[in-house]
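Here the structure comes first, spelled out in structure tokens, and everything after it is commentary.
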Amino acid sequence: MKKAFVEEKACVACGTCLATCPRQAIHIAHGCYAVIDLVRCVGCGLCSKACPASVIEVRS
Numbered sequence: 001m002k003k004a005f006v007e008e009k010a011c012v013a014c015g016t017c018l019a020t021c022p023r024q025a026i027h028i029a030h031g032c033y034a035v036i037d038l039v040r041c042v043g044c045g046l047c048s049k050a051c052p053a054s055v056i057e058v059r060s
């Protein structure tokens, strides 16, 4: 099953991914980077497509 992963050090914490996630599987940790709940994530890729910094990757 595919899941989304964030390159935390490059994330700008803009919140765009939060708005696009249909499963509400993303939150911003410490105001610094996005964290994806892998239990809720279904690997749809919407967050990856929406990320302006291109730091979210969907992989198996």
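Okay, so the sequence shown: first residue is 1 according to the UniProt record's numbering, each after it adds one.
Yeah, the Cβ is synthetic: ideal placement off N, Cα and C, and Gly gets one too.
Asked, Found
"Three-state secondary structure assigned by DSSP to residue 34", "strand"
"CB contact flag (residue 14, residue 52, <8 angstroms)", "yes"
"Residue 40 vs residue 23 beta-carbon contact at 8 angstroms", "yes"
"Complete runs of the beta strand (DSSP E) confined to the UniProt domain \"4Fe-4S ferredoxin-type\" (2-31) [at least 3 residues]", "3-6, 26-29"
"Endpoints, the alpha helix (DSSP H) within which residue 53 is located", "Neither: residue 53 is in no alpha helix (DSSP H) and is coded neither H nor E."
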